[in-house]
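If you read the protein sequences in the order shown, they are chains V and D. The working numbering puts the last residue of the first sequence at 420; the count rises by one with no breaks. The working numbering puts the last residue of the second sequence at 97; the count rises by one with no breaks. Even glycine gets a Cβ: it sits at the ideal position worked out from N, Cα and C.
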Amino acid sequence: MREAPLSAEQIDVEDVYQAIELYYERGWTDGLPVVPPTEKRVRAFLDAAGFAPDDVLGEIPERDRVLRAELLAINAVMAGCRPEYMPVLVAATEAITDPAFKFNHMASLGSPWPVFVVNGPLARTLGFNSGLYLFGPTTRANATCARAMSLLLWNCAEARPDGIQRGQWGNPFRSVGFIAEDESTAWDPLHVTLGHARETTTVTVVSAYPGLQQLHCARSTPEGLLDTVVDAISTDEFFRGTYLLFVSPQHAAVFIQHGWTKRHVRDYLWTRCRRSVADLKRRGTWGVMADKPEGFADFSREVQPGDEERIVSLFEPNEYDRFMQAPGALERSADIYVVVGGGNAGIRMAYIVPYGVSSDAVTRSVRAPATAE
Amino acid sequence: MLKVLNPTARPARGTSGIAPRPVSLDDKTIGVIWNGRAYGDRILLEAVDLLKQRYRVRDVLFREKPFLGNIAPEPILAELAAKAHVVITGVGD
Chain V
48 MREAPLSAEQ
58 IDVEDVYQAI
68 ELYYERGWTD
78 GLPVVPPTEK
88 RVRAFLDAAG
98 FAPDDVLGEI
108 PERDRVLRAE
118 LLAINAVMAG
128 CRPEYMPVLV
138 AATEAITDPA
148 FKFNHMASLG
158 SPWPVFVVNG
168 PLARTLGFNS
178 GLYLFGPTTR
188 ANATCARAMS
198 LLLWNCAEAR
208 PDGIQRGQWG
218 NPFRSVGFIA
228 EDESTAWDPL
238 HVTLGHARET
248 TTVTVVSAYP
258 GLQQLHCARS
268 TPEGLLDTVV
278 DAISTDEFFR
288 GTYLLFVSPQ
298 HAAVFIQHGW
308 TKRHVRDYLW
318 TRCRRSVADL
328 KRRGTWGVMA
338 DKPEGFADFS
348 REVQPGDEER
358 IVSLFEPNEY
368 DRFMQAPGAL
378 ERSADIYVVV
388 GGGNAGIRMA
398 YIVPYGVSSD
408 AVTRSVRAPA
418 TAE
Chain D
5 MLKVLNPTAR
15 PARGTSGIAP
25 RPVSLDDKTI
35 GVIWNGRAYG
45 DRILLEAVDL
55 LKQRYRVRDV
65 LFREKPFLGN
75 IAPEPILAEL
85 AAKAHVVITG
95 VGD
């Protein structure tokens with residue numbers, strides 16, 4: 048059977064070096080050299096995932112763009128991926144084009160960018176790092192898959208500084224935000240806690256503000272470990288959304304020894320991340336995220352009598368939400384996803400502050416490549 | 005010799021572009037869409053005041069989006085498309 052033709056424009060170059068320069072000249076790369084995408088290489092990527100060039104993986108209506116398998120394959124080749132990563136990248140593309148993830152928030156001044164967590168057997172088969180130096184750089188799978196998603200949106204959705212990207216500080220997760228979970232502990236891995244079978248490979252995407260906050264958690268009880276996290280998250284941005292909490296296997300063992308599941312960890316943080324109205328006012332956070340705060344009769348940025356005793360929950364819906372949370376965040380999901388990783392000698396936990404104003408976390412299963420007929 | 009591939013995607017429907025600009029706003033109706041962010045209304049109304057100083061604006065239709073993360077509801081878009089000659093909008097904090 049005749050192969051379906053590729054739609055992409057083909058450009059003649061003298062050699063690999065001229066190709067590399069061409070992608071710089073045309074603004075098609077992120078500052079690093081690319082692997083020149085030839086038709087033969089792109090077809091190997093499509094075959095690895097069982098896709099025809101024109102198969103639609105997702106749409107970005109805000110940019111009037113359709114992400115076809117061919118475009119993902121081209122950008123994945125450029126990023127330095129191997130063909131066998133394609134099924135994982137397909138799931139990642141489906142996740143970020145899910146309407147719940149809502150692409151257009153990524154143009155925000157806050158520089159949100161998706162962090163991808165791979166769970167399941169393919170994560171290990173493909174060599175994704177879940178251990179030491181989790182956010183790398185470490186392995187080819189982590190580094191090139193992160194870059195593939197970055198280049199895909201750079202080239203196909205104008206997500207670049209001379210396009211629609213309007214973030215203030217940028218986001219290092221564009222280069223390193225593609226990781227796997229260490230599934231060697233007795234805890235259920237993330238995808239199982241979200242209702243997927245353990246033998247399924249999944250990609251979970253959370254829109255993350257730039258940066259990883261690490262915390263020195265040196266105590267040896269579940270409460271002692273988590274009180275450090277409660278304090279840090281409560282005094283951080285106080286944005287509602289789905290947080291990623293990274294726990295080392297060493298810390299996970301402490302929780303497991305005390306009979307704590309990931310759900311216990313999540314619930315402990317959920318109910319305890321709180322702050323007084325007075326604190327929030329002194330910090331200058333009161334009313335900043337709410338739209339039109341002056342419209343509320345009882346709005347005041349000055350500490351008032353009783354504000355020390357008024358306690359605001361970060362996660363639990365409460366009477367102060369209209370002063371503290373963006374209206375969109377109140378319609379979105381919030382959670383705390385506990386992910387094990389970072390190697391077995393870690394006494395530090397880490398977390399990522401999410402962008403929850405108009406984006407939900409999304410998990411997609413990785414489909415096995417279709418069998419060629 | 006090597007053939008390499010263009011990695012970009014063009015707009016699928018190819019309809020994006022800049023609308024024709026009116027020569028003057030005299031006797032024109034100006035639509036305004038505020039995304040709801042604090043103080044955005046002040047900036048937009050200030051812009052409208054400046055335009056009113058320069059032109060004999062017929063009318064101003066000031067509309068607010070319920071939420072900045074979504075496009076304006078269809079009734080607002082339909083009303084402005086039917087009644088306004090130009091529309092001012094923007095995003096940001």
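- Rounded to whole angstroms, the gap between the alpha carbons of residue 320(V) and residue 172(V) is 38 Å.
- Straight-line spacing of the CA atoms in residue 18(D) and residue 203(V) works out to 14 Å.
- Taking the CA atoms as reference points, residue 60(D) sits about 42 Å from residue 333(V).
- Nearest in C-alpha terms to residue 196(V), of all of 360(V), 289(V), 144(V), is 144(V).
- In this structure, DSSP gives residue 256(V) a state outside helix and strand, which the three-state scheme calls coil.
- Within its own chain, the residues whose Cβ lies closer than 7 Å to the Cβ of residue 200(V), once the five positions on either side in sequence are excluded, are 206, listed in chain order.
- Chain-ordered, the chain D residues with CB closer than 9 Å to the CB of residue 75(V) read 10, 11, 12.
- Chain-order list of chain V residues neighbouring residue 66(D): empty, with the shortest C-beta distance near 14 Å, by a criterion of under 8 Å.
- Scanning chain D for C-beta atoms nearer than 7 Å to the C-beta of residue 62(V) yields 6, reported in chain order.
- Under the 9 Å criterion on CB atoms, residue 72(D) is classed as interfacial with respect to chain V.
- For the 9 Å CB-CB criterion, residue 53(V) and residue 9(D) form a contact.
- When DSSP states are grouped into helix, strand and coil, residue 180(V) belongs to the coil group.
- Chain order gives the chain D residues near residue 125(V) as 11, where near means a beta carbon separation below 7 Å.
- Two segments are said to touch when three or more pairs of C-beta atoms, one from each, lie closer than 8 Å; by this definition the region 357–370 of chain V does not touch the region 92–110 of chain V.
- Residues of the region 370–390 of chain V that bring their beta carbon within less than 7 Å of a beta carbon in chain D comprise 374, 375, in sequence order.
- For residue 235(V), the secondary structure class from DSSP, reduced to helix, strand or coil, is coil.
- The residue among 97(V), 328(V), 228(V) with its C-alpha nearest the C-alpha of residue 285(V) is 328(V).
- Contact between the region 177–195 of chain V and the region 211–231 of chain V is present: 3 or more CB-CB pairs across the two stretches fall below 8 Å.
- Closest option to residue 254(V), judged by alpha-carbon separation, among 93(V), 62(V), 153(V), 268(V): 153(V).
- Taking residue 31(D) as the centre and dropping the five residues before and after it, the same chain places the C-beta of 62 closer than 6 Å to its C-beta, in chain order.
- Inter-residue distance for residue 385(V) and residue 224(V) is about 16 Å (C-alpha atoms, whole angstroms).
- Beta-bridge analysis with DSSP links residue 68(D) to 38(D).
- With fewer than 16 other CB atoms across the displayed protein chains lying within 10 angstroms of its CB, residue 74(D) is exposed.
- In the three-state DSSP reduction, residue 347(V) falls in the coil class, being neither helix nor strand.
- When DSSP states are grouped into helix, strand and coil, residue 153(V) belongs to the helix group.
- In this structure, the beta-carbon distance from residue 249(V) to residue 138(V) falls below 9 Å.
- With its beta carbon at least 9 Å from every one in chain D, residue 137(V) lies outside the interface.
- Taking the Cα positions, residue 117(V) is about 54 Å away from residue 347(V).
- Between residue 406(V) and residue 149(V), the beta carbon gap of about 5 Å places them in contact (Cβ cut-off 8 Å).
- Ranked by Cα distance from residue 112(V), the first of 85(D), 14(D), 6(D) is 14(D).
- The C-beta separation of residue 363(V) from residue 317(V) comes to about 7 Å, placing the pair in contact by the 8 Å criterion.
- In chain order, 152, 155, 157, 159, 254, 255, 256, 286, 288 place their CB closer than 8 Å to the CB of residue 402(V), counting only its own chain and leaving out the 5 sequence neighbours on each side.
- Residue state for residue 211(V) is assigned as coil, using DSSP reduced to three classes.
- At a cut-off of 9 Å between C-beta atoms, residue 186(V) does not count as an interface residue with respect to chain D.
- Not a single CB atom of chain V sits nearer than 9 Å to the CB of residue 35(D).
- Between residue 264(V) and residue 395(V), the gap from beta carbon to beta carbon is short of 9 Å.
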